[in-house]
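Under our numbering, the first residue of the sequence shown is numbered 478, with each subsequent residue one higher.
Worksheet: one structure, shown below.
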Amino acid sequence: MPQLVIPDYAPQIFWLVVTFVILLALMWSFALPRVGRVLEQRQKHIDDDLSEAEKFKQGAEEAIKAYEASLAEARAKAHQLLAETQAKLDQQAAEQRARLDAELAEKQASAESRIREARQQALSSVREVAAEVARAATDRLIGVEPSQDAANAAVDGKG
């Protein structure tokens with residue numbers, strides 16, 4: 478068998494080393510930079526997605542703070558209006574007192590209803606955007622686009 482001929486070991490080892498050095502040089506100059514660029518691009522994409530998600534999170538926090546401030550202001554206004562009306566109602570007859578109380582309660586309920594609707598709209602749009610970002614990120618990172626239900630479950634913390 479030619480593999481076991483001892484005098485042929487030196488040339489075989491020489492060509493093995495030469496081939497190894499050539500392959501190493503080719504890998505070092507061509508394959509390694511490409512892999513490095515791909516890894517850098519992936520990391521940049523991940524960092525961009527994370528910063529975008531942080532912006533959305535900050536936007537959601539600001540919307541919640543604005544909602545809470547609006548709610549506090551609406552409650553303060555409702556309480557102030559209630560106190561003023563109560564002072565006037567003490568001087569009027571029982572019929573007028575009942576009518577004004579009902580009107581104030583309706584205004585307060587309407588204001589709270591509008592605020593709840595605004596909050597729901599803000600939170601639902603943030604949830605939809607977060608689900609879309611999650612789908613796009615998953616598609617770009619691993620090449621598989623998840624279903625809308627799976628993205629919604631991941632955003633809700635159920636997936």
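Where is the CB? At the ideal position from N, CA and C, for every residue including glycine.
Backbone secondary structure at residue i - three-state DSSP
i: E583; result: helix
i: G634; result: coil
i: Q520; result: helix
i: P623; result: coil
i: D567; result: coil
i: V515; result: helix
i: V494; result: helix
Contacting residues, own chain, Cβ-Cβ under 6 angstroms from residue i (five flanking each side not counted)
i: D616; result: E622
i: G620; result: none
i: L548; result: I592
i: A571; result: none
Residues of its chain near residue i, where Cβ-Cβ distance is below 8 angstroms and the 5 sequence neighbours each way are ignored
i: K584; result: A555 and L558
Test item: CB-CB of residue i and residue j under 8 angstroms
i: R604; j: V632; result: yes
i: A530; j: V610; result: yes
i: A630; j: A540; result: no
i: A608; j: Q625; result: yes
i: E589; j: A551; result: yes
i: D526; j: A614; result: yes
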